[in-house]
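Visitor: In case it helps, my numbering puts the sequence shown at residues 1409 to 1960.
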Amino acid sequence: MPSLFNAPARIVFLLGFALTLALLPCAFGREQRVSASSPSSNILVARVHLRDEDELRRFVSLGLDLLEMREGDDLFILTDAKQLGELRAQGWQVAIDQQKSTLASEQAAETFSNGYRTVTEMRAFVDDEAARYPNLAEVFTYGSSWQKIHMGGSAGSDLFGIRLTNKQTQGVKPTFFLMAAIHARELTTSELALRFVDYLLSNYGVDADVTWLLDEHQIVVVPVVNPDGHRIAEQGYYQRKNLNTTNGAGCANPPTIFNQSGIDLNRNFSFGWGTVNSPGEPVCGQTYPGTSAASEPETDAIQNLIRSLFPDQRGTQRTDAAPDNATGIMITLHSYSNLVLWPWGDISSPTPNANQLQAIGQKFASYNGFTPEQAIGLYPTSGTTDDWSYGELGIASYTFEVGDESGQCSGFFPPFSCMDGGSGGAFWPRNLPAFLYAARIARAPYQLGQGPSPESVSANVSDHLQLQAQFDETFNGGQAIVAAEYYIDTPPWRGGVPIAMRAVDGSFYSISESAVADIGAIPGKHTFFLRGRDASGNWGPVRAIFAPAPTN
1409 MPSLFNAPAR
1419 IVFLLGFALT
1429 LALLPCAFGR
1439 EQRVSASSPS
1449 SNILVARVHL
1459 RDEDELRRFV
1469 SLGLDLLEMR
1479 EGDDLFILTD
1489 AKQLGELRAQ
1499 GWQVAIDQQK
1509 STLASEQAAE
1519 TFSNGYRTVT
1529 EMRAFVDDEA
1539 ARYPNLAEVF
1549 TYGSSWQKIH
1559 MGGSAGSDLF
1569 GIRLTNKQTQ
1579 GVKPTFFLMA
1589 AIHARELTTS
1599 ELALRFVDYL
1609 LSNYGVDADV
1619 TWLLDEHQIV
1629 VVPVVNPDGH
1639 RIAEQGYYQR
1649 KNLNTTNGAG
1659 CANPPTIFNQ
1669 SGIDLNRNFS
1679 FGWGTVNSPG
1689 EPVCGQTYPG
1699 TSAASEPETD
1709 AIQNLIRSLF
1719 PDQRGTQRTD
1729 AAPDNATGIM
1739 ITLHSYSNLV
1749 LWPWGDISSP
1759 TPNANQLQAI
1769 GQKFASYNGF
1779 TPEQAIGLYP
1789 TSGTTDDWSY
1799 GELGIASYTF
1809 EVGDESGQCS
1819 GFFPPFSCMD
1829 GGSGGAFWPR
1839 NLPAFLYAAR
1849 IARAPYQLGQ
1859 GPSPESVSAN
1869 VSDHLQLQAQ
1879 FDETFNGGQA
1889 IVAAEYYIDT
1899 PPWRGGVPIA
1909 MRAVDGSFYS
1919 ISESAVADIG
1929 AIPGKHTFFL
1939 RGRDASGNWG
1949 PVRAIFAPAP
1959 TN
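#1: Which class does GLN1626 belong to by DSSP, given the choice of helix, strand or coil?
#2: Do you know whose CA, among ARG1639, ALA1955, ASN1776 and GLU1689, lies nearest ALA1563's CA?
#3: Within the same chain, show all residues whose beta-carbon is closer than 7 Å to that of ASN1733, passing over the 5 residues directly before and after it, in chain order.
#4: Can you give me the Cβ contacts of GLY1916 inside the same chain, cut-off strictly under 6 Å, excluding the 5 residues immediately before and after it?
#5: Here's the rule: buried if 16 or more other CB atoms are within 10 angstroms of the residue's CB, otherwise exposed. What is SER1443?
#6: With DSSP as the reference, please indicate the residues paired to SER1790 in a beta bridge.
#7: Is the distance from the Cβ of ILE1710 to the Cβ of ILE1590 below 9 Å?
#8: What are the residues that DSSP puts in a beta bridge with SER1610?
#9: Could you name the residues that DSSP lists as bridge partners for ILE1671?
#10: Taking its Cβ as the centre, do 16 or more other Cβ atoms sit within 10 Å of ARG1675, making it buried, or is it exposed?
#11: How close, in whole Å, do the beta carbons of ALA1877 and VAL1865 come, if the pair is a contact with beta carbons under 8 Å?
#12: Using CA atoms only, rank isn't needed, just tell me which of ALA1773, THR1740 and ALA1539 is closest to ASN1377.
#13: List, from N- to C-terminal side, the beta strand (DSSP E) runs of 3 residues or more that fit wholly inside the region 1719–1759.
#14: When you compare only the Cα positions, how much space is there between GLU1642 and ALA1847?
#15: Whole angstroms are fine: how far does the CA of ALA1616 sit from the CA of LEU1412?
#16: Give me the Cα-Cα distance between LEU1602 and TYR1894, rounded to the nearest whole angstrom.
#17: Just tell me which of ALA1592, PRO1719, ILE1737 and VAL1527 has its CA closest to the CA of ARG1648.
#18: For PRO1447 and THR1549, I'd like the C-alpha separation in whole angstroms.
#19: In terms of residues, what are the limits of the alpha helix (DSSP H) holding ARG1965?
#20: Note down the Cα distance separating LEU1567 from VAL1912, rounded to an integer number of angstroms.
#21: Please report the straight-line C-alpha distance between ASN1611 and PRO1906, rounded to a whole angstrom.
#22: Grab the span of the alpha helix (DSSP H) containing LEU1713 for me, first residue to last.
#23: Quick one, which of ASP1623, MET1587, THR1779 and GLU1537 has its alpha-carbon nearest ILE1577's?
#24: Mapping DSSP to helix, strand and coil, what is VAL1527?
#25: Looking at the secondary structure, which residues open and close the beta strand (DSSP E) in which TYR1806 lies?
#26: Using C-beta distances below 6 Å, list every residue in its chain close to GLN1766, excluding the 5 sequence neighbours before and after it, in chain order.
#27: Whose CA, out of MET1530, ASP1942, ILE1570 and VAL1453, lies closest to the CA of GLU1546?
#28: Could you name the residues of the same chain whose beta carbon sits closer than 6 Å to that of ALA1925, not counting the 5 residues immediately before and after it, in chain order?
#29: For the candidate residues LYS1933, ARG1941 and GLY1940, whose alpha-carbon lies nearest to that of PHE1954?
#30: Comparing alpha-carbon positions, which option in ILE1768, TRP1681 and VAL1691 lies nearest ASP1795?
#31: Please return the same chain residues whose Cβ sits closer than 6 Å to the Cβ of SER1598, not counting the five positions on each side in sequence.
#32: Excluding five sequence neighbours on each side, which residues of the same chain lie with their C-beta closer than 8 Å to the C-beta of PRO1837?
#33: Excluding the 5 residues preceding and the 5 following CYS1826 in the sequence, name in chain order all residues of the same chain whose CB lies nearer than 8 Å to its CB.
#34: Assuming ASP1636 is part of the alpha helix (DSSP H), what are its boundary residues?
#35: THR1967: which of PRO1931, PRO1697 and GLY1819 sits nearest, CA to CA?
#36: Using CA coordinates, which residue listed in THR1707, GLY1819 and VAL1605 is at the minimum distance from ARG1531?
In structure tokens, the structure reads:
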């Protein structure tokens, strides 16, 4: 995505819903469709030409619905004819993109596709998983939504998540935290988070890699950070923000495409709050950050949850780096435009851990095929989740923007079939390897992300057992791999004994290497942990495999 001024645009997409906010919890049934008279029926996508950094920052502050796509220095917004005329009158260079407008209108008419889960169904799912796997899963509540606090009765929701770990395994465990749907309309993100939960629990004891990850880690998943807003998106309305109406009395009701009450929760976090997206923005705009940092119960609660999961590992100054052995990693899921992003998003300077963050981000992108870049490479933002989690606590923090820029599987409501296939889709198989890699390096991501990754492991059993692994460091460091080793049943951090592997081609010298180990007859079934080291001395993460005893 080349840019004259290095700042394309991130999605801040909003259409609207057709009843008063006070009646929303009871006014919509799941099967309601967006009608021809709704605000979403006159959607336009417009191309905006911005000439320099100053124009970009002024445009971002308008609170418009910027799409995460660009061509050269042209950005795109979701709009309607009225707003288009107003922007032209103000001197902005905007033009309708007819092809993209047609696609947007078609998706808006499709409503909540069969297959995506409602908030109620998400809660039922995690409750059921915890009941089925009581030794591995625990559902928790970490707060209440804005509507539940302020409207009473049956309005609003608990804020909930699920914690995955083998409760019988003792000791301090590193954390991988995965969160989704802080922007309510981004439906694919919740489904990805829930599928990851199911994958881990259903493969425990079957897949050695999954088994050791849950034995040795704590994996915490919040599938819907913004449940109030999601309940509106479930009806086919493109709700982005939460449902705080305190500061939105003058907003359109029913809202227009570009006008709604609420706070953008991903502009409301405490670190750097208000510096780019300020409370001076239009209250009804899509990136309105609230009147103060963490003003929203959803934001305050998720900050407190993250603080409870991770130690504070970074100083108070922008230039303070998290230590190389800092523990824990987090990913926040958004849609769309196939991007892997890391801090900072509010300033162009790199973080003091920029090299490590970039190496991990590039490795993620090698799995899902996304474009990796520092967040401000899209456009400046402030008060975002990953800037806060890294800036406040030093956590290795990432945003995944899931979904193609155009075509069948683009947008916020792509067909549910795009989870597993479709042109530009296959969201689940593309992102699962990235999630597993995040879990593997969670113990010390800044260190392990610099080392070679075991991309595949196998065990061949005949008259003896042979282990084989393919190690690669192409995307995260590019150093030659110089050694590989395995451990039997006990991983290195628990005092396991290393046993050297040999290079298949006779010597270790490349950034991609195959290694083998011939093992004699070992009675019983065992878990083997394999890892590699590069020329700079960086050990990568382990990968595990179950191997039975030889048959002869």
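All C-beta atoms in this analysis are idealised placements derived from N, C-alpha and C, irrespective of residue type, glycine included.
Guide: Answer, in terms of the structure:
#1: Looking up residue 1626 in the sequence shown gives position 218. The answer is strand: DSSP assigns GLN1626 an E or B state.
#2: As a first step, residue 1563 must be located in the sequence shown, where it is residue number 155. When only C-alpha atoms are compared, the closest one is ARG1639.
#3: By 1-based counting over the sequence shown, the position of residue 1733 is 325. Same-chain partners within the cutoff: ALA1852 and GLN1855.
#4: One-based indexing of the sequence shown puts residue 1916 at position 508. Note that residue 1916 is Phe in the sequence shown, not Gly. Only ILE1889 and VAL1890 meet the Cβ criterion.
#5: Within the sequence shown, residue 1443 is the residue found at index 35, counting from 1. No answer about SER1443 holds up, because its pLDDT of 33 lies below 50 and its placement is not dependable.
#6: Along the sequence shown, read from residue 1 onward, the residue named residue 1790 stands at position 382. None; SER1790 has no bridge partner.
#7: To locate residue 1710, count along the sequence shown from 1; it is residue 302. To locate residue 1590, count along the sequence shown from 1; it is residue 182. Cβ distance < 9 Å, so ILE1710 and ILE1590 count as in contact.
#8: Position 202 of the sequence shown, counting from 1, holds the residue named residue 1610. Paired residue(s): none; SER1610 is not in a bridge.
#9: Residue numbering aside, residue 1671 sits at position 263 when the sequence shown is read from its first letter. Paired residue(s): none; ILE1671 is not in a bridge.
#10: Taking the sequence shown and counting its residues from 1, one reaches residue 1675 at position 267. Its Cβ being crowded by 16 or more others within 10 Å, ARG1675 is buried.
#11: Counted from its first residue, the sequence shown places residue 1877 at position 469. Counted from its first residue, the sequence shown places residue 1865 at position 457. Between VAL1865 and ALA1877 the Cβ distance is about 5 Å, and since that is below 8 Å, they are a contact.
#12: Nothing about residue 1377 can be reported from this structure: the residues present for the chain run from 1409 to 1960 only.
#13: 1737–1742 and 1747–1750
#14: In the sequence shown, counting from the first residue as 1, residue 1642 sits at position 234. In the sequence shown, counting from the first residue as 1, residue 1847 sits at position 439. Answer to the nearest angstrom: the Cα atoms are 30 Å apart.
#15: Position 4 of the sequence shown, counted from the first residue, corresponds to residue 1412. Position 208 of the sequence shown, counted from the first residue, corresponds to residue 1616. Residue confidence for LEU1412 is low, a pLDDT of 33 falling below 50, so the modelled location carries little weight and cannot support an answer.
#16: Your numbering for residue 1602 matches position 194 in the sequence shown. Your numbering for residue 1894 matches position 486 in the sequence shown. LEU1602 and TYR1894: Cα-Cα distance of roughly 32 Å.
#17: As a position in the sequence shown, residue 1648 is number 240, starting the count at 1. Of the listed residues, the one whose Cα sits closest to ARG1648 is ALA1592.
#18: Indexing the sequence shown from 1 puts residue 1447 at position 39. Indexing the sequence shown from 1 puts residue 1549 at position 141. Bear in mind that a pLDDT of 39 at PRO1447, under 50, signals an unreliable position, so the model cannot answer this.
#19: Beyond the ends of the chain as shown, which are 1409 and 1960, falls residue 1965; an answer cannot be given.
#20: Taking the first residue of the sequence shown as 1, we reach residue 1567 at position 159. Taking the first residue of the sequence shown as 1, we reach residue 1912 at position 504. When rounded, the distance between both Cα atoms is 51 Å.
#21: Numbered from its first residue, the sequence shown carries residue 1611 at position 203. Numbered from its first residue, the sequence shown carries residue 1906 at position 498. About 27 Å.
#22: To locate residue 1713, count along the sequence shown from 1; it is residue 305. Note, LEU1713: alpha helix (DSSP H), 1705–1717.
#23: Counting from 1 along the sequence shown, the entry for residue 1577 is found at position 169. The sequence shown places Thr at residue 1577, not Ile. The candidate whose alpha carbon is nearest that of THR1577 is ASP1623.
#24: To locate residue 1527, count along the sequence shown from 1; it is residue 119. VAL1527: helix per DSSP, three-state reduction.
#25: Working through the sequence shown from its first residue, we reach residue 1806 at position 398. Taken as a continuous stretch (DSSP letters only), the beta strand (DSSP E) holding TYR1806 covers 1804–1809.
#26: One-based indexing of the sequence shown puts residue 1766 at position 358. Counting only Cβ-Cβ distances below 6 Å, and skipping sequence neighbours, we find nothing.
#27: As a first step, residue 1546 is located in the sequence shown; it is residue number 138 there, counting from the start. Among MET1530, ASP1942, ILE1570 and VAL1453, the Cα nearest to that of GLU1546 belongs to ILE1570.
#28: Mapped onto the sequence shown, residue 1925 falls at position 517. Within the same chain, ALA1925 has close Cβ partners LEU1875, TYR1894 and MET1909.
#29: Along the sequence shown, one-based indexing puts residue 1954 at 546. Among LYS1933, ARG1941 and GLY1940, the Cα nearest to that of PHE1954 is on LYS1933.
#30: The residue given as residue 1795 occupies position 387 in the sequence shown. Ranking ILE1768, TRP1681 and VAL1691 by Cα distance to ASP1795 puts TRP1681 first.
#31: For the purposes of this step, residue 1598 is taken as residue 190 along the sequence shown, with counting starting at 1. Contacts found: ALA1588, ALA1589, PRO1631 and VAL1632.
#32: Mapped onto the sequence shown, residue 1837 falls at position 429. Once the five neighbours on either side are set aside, the close Cβ partners of PRO1837 are ASP1828.
#33: Working through the sequence shown from its first residue, we reach residue 1826 at position 418. Only THR1596, GLY1811, GLN1816, CYS1817, GLY1832, GLY1833, ALA1834 and PHE1835 meet the Cβ criterion.
#34: Taking the sequence shown and counting its residues from 1, the one referred to as residue 1636 is at position 228. Taken as a continuous stretch (DSSP letters only), the alpha helix (DSSP H) holding ASP1636 covers 1635–1641.
#35: Here the chain covers residues 1409 to 1960 and nothing more, so residue 1967 does not appear.
#36: Taking the first residue of the sequence shown as 1, we reach residue 1531 at position 123. Here the closest residue by C-alpha is VAL1605.
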